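Peer 1: Residues in the sequence shown are numbered consecutively from 1, following the UniProt record's numbering.
Beta carbons are placed, not taken as given, at the ideal position from N, Cα and C, and that holds for glycine.
The model shown is predicted, which means the values in this text are computed figures rather than measured ones.
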Amino acid sequence: MTAVRSTEDLAGRLQLAISAISHRMKTHAASDDLTPTRLVTLATVAEHGPLRISDLADRVGIAAATMSRLVDWLVEHELLTRTCSTKDLRVSYVALSPRGEALLERMRGIRTGYLADRISRLPADQVRALAGALEVLEDFATGSEQEQH
């Protein structure tokens, strides 16, 4: 019973730490114009695009009407492009523009720099511990820890 509770406690702490780190990185890279939601939208289009606005809204987890306004802003600022479907003119797709790609690359650099700065301040034993934990987290991310058992 103790091992299960420890595992659950560890899982809860891990989830909170991942959420907090993710939030800090998003807010660190965000600005007044580039809110975390706008950055998440751009990253989602980069990973899964081109997408219909309704599909993008589902992936980001916001209402289609809200996503439509968000896409309008991103298109107006030349971070996304919008094209009509050749099969159904009522349907449009959004894709990342070259300017959007450059922005995401710059944001990745900012987030990586933020983490590198934090890691550089750690004592050597904590850096080694982090490196070991990272191997486990990378396995979690790919699902490969399940193959080992």
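In its own chain, which residues sit with a C-beta less than 7 Å from the C-beta of M1, not counting the 5 before and 5 after it?
Peer 2: Reliability of the predicted coordinates at M1 is poor, the pLDDT of 49 falling under 50, and no value is obtained from them.
Peer 1: Just to confirm before moving on: does the CB-CB distance between I53 and S31 stay below 9 Å?
Peer 2: no
Peer 1: Locate the beta strand (DSSP E) running through S120, then write down its first and last residues.
Peer 2: Element bounds for S120: not the beta strand (DSSP E) but the alpha helix (DSSP H), P98 to S120.
Peer 1: For M1, name the three-state secondary structure that DSSP assigns.
Peer 2: With a pLDDT of 49 at M1, under the threshold of 50, the modelled position of that residue is not reliable, and the figure given next carries that caveat. Here M1 sits in coil by DSSP.
Peer 1: Between which two residues does the alpha helix (DSSP H) harbouring L137 extend?
Peer 2: A124 to T142
Peer 1: The alpha helix (DSSP H) spanning R59 covers which residue range?
Peer 2: Counted as a single uninterrupted DSSP element, the alpha helix (DSSP H) harbouring R59 occupies residues I53 to V60.
Peer 1: Given a threshold of 16 other Cβ atoms within 10 Å of its Cβ, counted over all protein chains shown, does A57 qualify as buried or as exposed?
Peer 2: buried
Peer 1: Where does the unbroken beta strand (DSSP E) through T35 begin, and where does it stop?
Peer 2: It is not in any beta strand (DSSP E) - T35 carries neither H nor E in the DSSP assignment.
Peer 1: State the start and end residues of the unbroken alpha helix (DSSP H) segment that holds L70.
Peer 2: A64 to E76
Peer 1: Taking the alpha-carbon positions, what's the R106 to R99 distance?
Peer 2: 11 Å
Peer 1: Quick one: using the 10 Å Cβ neighbour count with 16 as the cut-off for buried, is R13 buried or exposed?
Peer 2: So R13 ends up on the exposed side.
Peer 1: Under a three-way DSSP split, which group does T81 fall into?
Peer 2: In this structure, T81 counts as strand in the three-state DSSP scheme.
Peer 1: What is the C-beta distance between S85 and V94, in whole angstroms, given that I count them as a contact (C-beta under 8 Å)?
Peer 2: Not really, about 12 Å apart at Cβ, beyond 8 Å.
Peer 1: Where does V94 fall in DSSP's three states?
Peer 2: strand
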